[in-house]
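Numbering (our numbering), first residue to last: 693 to 809. Since the structure comes first, as structure tokens, the remarks are kept for the end.
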Amino acid sequence: MIRTQVFLFSILMILTVSCSKDKTEFAAADCPDPISFANDVKPIIDVNCATSGCHDANTSTPYEFANYDDIAANANLILSVIRHETGVTPMPLNGNQLADSLIQKINCWVIQGKLDN
């Protein structure tokens with residue numbers, strides 16, 4: 693029952709969300725240093741996404757971000773929601789947008805090939 697309610701709420705949010713914040717764009721030139729999955733990306737996800745009841749192993753959401761494979765497979769979606777792009781549910785849910793520096797790290801990791809390093 694709770695999963696159904698969360699799912700329906702998520703769909704409703706996707707359909708009704710509109711965002712006035714500009715989309716943050718980064719280019720490959722903005723990524724001078726290699727980004728480490730283990731040292732840079734995973735800690736950002738653990739603190740902001742894979743928290744208890746959200747996208748952890750006990751999640752009721754359709755996405756679990758417990759390991760490299762989960763995160764790499766959903767990297768583009770993660771970027772969309774943390775950028776608060778139009779048409780997606782902004783994340784963290786009911787929270788402020790992540791700092792541009794954190795978004796840039798994840799974006800650079802994607803640009804650099806989503807390495808498991």
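Beta carbons are placed, not taken as given, at the ideal position from N, Cα and C, and that holds for glycine. Quick caveat, the model's predicted, so the values are computed rather than measured.
Query - Span separating the alpha-carbon of aspartate 808 from that of valine 733 - result: 10 angstroms
Report task. Can you grab the Cα-Cα spacing for the pair asparagine 766 / leucine 785, in whole Å? Result -> 17 angstroms
Query raised in the report: Between the region 750–768 and the region 788–795, do at least 3 Cβ pairs fall closer than 8 angstroms?
Result: no
Requested in this report: Could you check if proline 724 is buried or exposed, using at least 16 other CB atoms within 10 Å of its CB as the buried criterion?
Outcome: exposed
Query raised in the report: Just to confirm, are proline 726 and glutamine 804 a CB contact at a threshold of 8 angstroms?
Result: yes
Query raised in the report: From serine 772 to asparagine 799, what distance separates their C-alpha atoms?
Result: 10 angstroms
Query raised in the report: Helix, strand or coil: how does DSSP classify alanine 767 here?
Result: helix
Requested in this report: For alanine 730, name the three-state secondary structure that DSSP assigns.
Outcome: helix
Query - Nearest neighbour of threonine 743, chosen from His776, Asn731, Met783 and Ser728 [CA to CA] - result: Met783
Query raised in the report: If you scan the region 756–806 from start to end, which runs of the beta strand (DSSP E) of 3 or more residues do you find wholly inside it?
Result: none
Query raised in the report: Helix, strand or coil: how does DSSP classify aspartate 748 here?
Result: coil
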